Amino acid sequence: MNKSSIISLGVFVLALVWLFTLENKTVKNIQSKVLGVFGFAHETVSSAAFDNDVINGEAIDAADISIKYNKDELAQRYSELLKELFQLHLWRGQFDILREENIELKRSLNFVDYKNQQNQRLIAARVINRQSRSWWRTIVIDKGLDDGVVLNSPVMTPVAVDSTDRVEGALVGKITVVSRSQSTVVLATDVECMVGAYVHGALEESRGGGLQRVQGILSGAPGAGTDVPHLILRNLPKEADRYGVKAGAKVYSSGIANSTARGIFPPGLMLGYVKAFEVREIDAVARVVPALDFNVLSHVFVLLPGLLEDGGKLLADDVQPNDGFLAVPSDPVVPRARALDDDVD
Amino acid sequence: MLERSNIVFSASLFLLMVIGAVLSDFVPPLSIAFGARLLLVPAMFFACALTVRFPLMLAFAFVAGVGWDARHMVVEEGSGTGFGYSVFLFALTGSLLQGVRPLFRRGRWELPLFIVGAATAILLVAEWLLISFQRGSFACPDNFWYQVWASTLLCMLISPVLFYLIFRLGQVSGAPVHLGREVSREGF
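Protein chains in written order, with the numbering used here: chain E, 1 to 345; chain B, 346 to 533.
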């Protein structure tokens, strides 16, 4: 090994030590910057792919088009639109899928209405990337600091329960990296995403003599694949099955913090259903099937910090990023606000 | 003293790696390959590690590792971050590649492909071992081994293109590509 190799190895080791001793905040900063670079690349590609021609479902006006594209680009655009038209004809046969999507959107609307009634601030976001080959289960959404998203903001989506006209807010995960225009969400199926949870309908005797909910800590199961993820609810009392923890019981977020599960998630978010229960040496665990299919998520909602007044004005606007979350107790089931199926056809 | 051509060559390799990192975001997972993805950054790094000198390999390991962790790692508050472990793994696998460079003196074209594939597999398995150690459980995800082999195969398939790019960059910038004395004389 020559002299320059030894010197470079020394410098490398020092740099490695510096990396390993970085504070959490600095690491988040670096991740935010890197996400920002990737976000810029995404936006550039989207722009080049003419995705920005449609804003909120309406085409941009002729004046903007003439500014944006020259004659050749318009010809290219015309050719692409013809191809799209052909595809649209093919998609006619997929009417059922669109109908399902329509129902899903109305569910989302109900969900947003309900959250607004609770003065909670939600922002809709599109899933723009999912990192399938990673040791962490994450997705990237198209909302960031500019939209009010902060670190640890809970991310949720409405899911149907019992019948199609009833929806609940289901936990998707939490924001783990945020840049100006994009954020990374660590999914609830990840081992690192720990949530204080309780089993609906299961009550145990408290030390004071009263009744309290059977609670535990929910996280992703190590080793679960992306196609069949399951969650593990641990730290349950060994007699939890006698208290009502059984297959099919619903699991909700409790909003309660402890040493491992920080209380950043509001209570009442649907997490899943108990599939199996197992007693271990010192506690019991339940295997939980998630309430939603994380592989098909296309749109999610981010719960922003602060509350809204009736007029829609921000009530608690002094919330600083990283300050955690205002946990608002809520009834998990959104009441029927709008007929979902009636006006679909 | 560093020659200007070497600096240009190194900078262009660095740029190539950044472009690879951005491009890999647009490469969808392959459902036929058990959801495996083309890992452009590691493939690019391994190709570079076979063609540059040791100090530059370390620099690339640092850049690729930091970028990799910044993009993929979930850092939780309160726990040790572990940020930077990929730098270590990249440097480790890169050093292995540096060690087997003399094997290429015969100039056989298929050897670098297998070496890049082997390095990818080693990197992925080492990543899994480190993460498992940190999490305190050695659970194996579904399809884990299939994904490792599929990613390995994809990296092997893309590596000739990467080697070609690197050699072209070497020619354009006027910097020699160090892949063994005989090979650099005969060409890749």
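Think of the CB as a built atom: it goes at the ideal place given N, C-alpha and C, for glycine as much as any other residue.
The model shown is predicted, which means the values in this text are computed figures rather than measured ones.
According to DSSP, residue 212 (chain E) shares a beta bridge with E:204.
Distance check between residue 397 (chain B) and each of B:371, B:420, B:352, B:370 places B:352 closest, using alpha-carbon atoms only.
Boundaries of the alpha helix (DSSP H) around residue 362 (chain B): 349 to 369. Nearest CB-CB separation between residue 418 (chain B) and chain E: below the 8 Å threshold.
Exposure of residue 85 (chain E) is indicated by the presence of fewer than 16 other C-beta atoms within 10 angstroms of its C-beta. DSSP, read as helix, strand or coil, puts residue 265 (chain E) in coil. Under the Cβ distance rule, residue 349 (chain B) does not count among the residues neighbouring chain E, no pair being separated by less than 8 Å. Among the residues of the region 433 to 444 of chain B, those with a Cβ less than 9 Å away from any Cβ of chain E are 433, 436, in the order of the chain. Chain-ordered listing is empty here: chain B has no CB closer than 9 Å to the CB of residue 300 (chain E), the nearest sitting near 17 Å. Look at residue 520 (chain B) here: in three-state DSSP terms it is coil, with no helix or strand label. Neighbourhood of residue 388 (chain B) in chain E, by CB distance below 9 Å: empty, with the nearest CB roughly 13 Å away.
The criterion of a C-beta distance shorter than 8 Å is not satisfied by residue 218 (chain E) and residue 284 (chain E). Between residue 173 (chain E) and residue 185 (chain E), the C-beta gap is smaller than 8 Å, which places the two residues in contact. Within chain B, not a single residue places a beta-carbon under 7 Å from that of residue 271 (chain E); the smallest gap is close to 19 Å.
For residue 484 (chain B), there is no enclosing alpha helix (DSSP H), as DSSP gives it neither H nor E. About 6 Å separates the beta carbon of residue 214 (chain E) from that of residue 198 (chain E), a gap short enough to meet the 8 Å contact definition. Excluding residues up to 5 positions away in sequence, 158, 160, 167, 340 lie with their Cβ nearer than 7 Å to the Cβ of residue 107 (chain E) in the same chain.
Residue 357 (chain B) and residue 432 (chain B) have their alpha carbons spaced roughly 20 Å apart. Secondary-structure assignment with DSSP links residue 286 (chain E) through a beta bridge to E:233, E:277. Judged by DSSP in its simplified three-state form, residue 298 (chain E) adopts coil rather than helix or strand. For residue 127 (chain E), the closest alpha carbon among the candidates E:136, E:183, E:110, E:16 is that of E:183. Pairing residue 480 (chain B) with residue 191 (chain E) gives a Cβ-Cβ distance under 8 Å. DSSP, read as helix, strand or coil, puts residue 137 (chain E) in coil.
Neighbours of residue 400 (chain B) in chain E, taken as residues at a C-beta separation under 9 Å, are given in chain order as 4, 5, 7, 8, 9, 11, 12. Closest option to residue 145 (chain E), judged by alpha-carbon separation, among E:5, E:3, E:269, E:125: E:125.
Nearest CB-CB separation between residue 22 (chain E) and chain B: below the 8 Å threshold. With respect to residue 402 (chain B), residue 361 (chain B) sits apart: the two C-beta atoms are not nearer than 8 Å.
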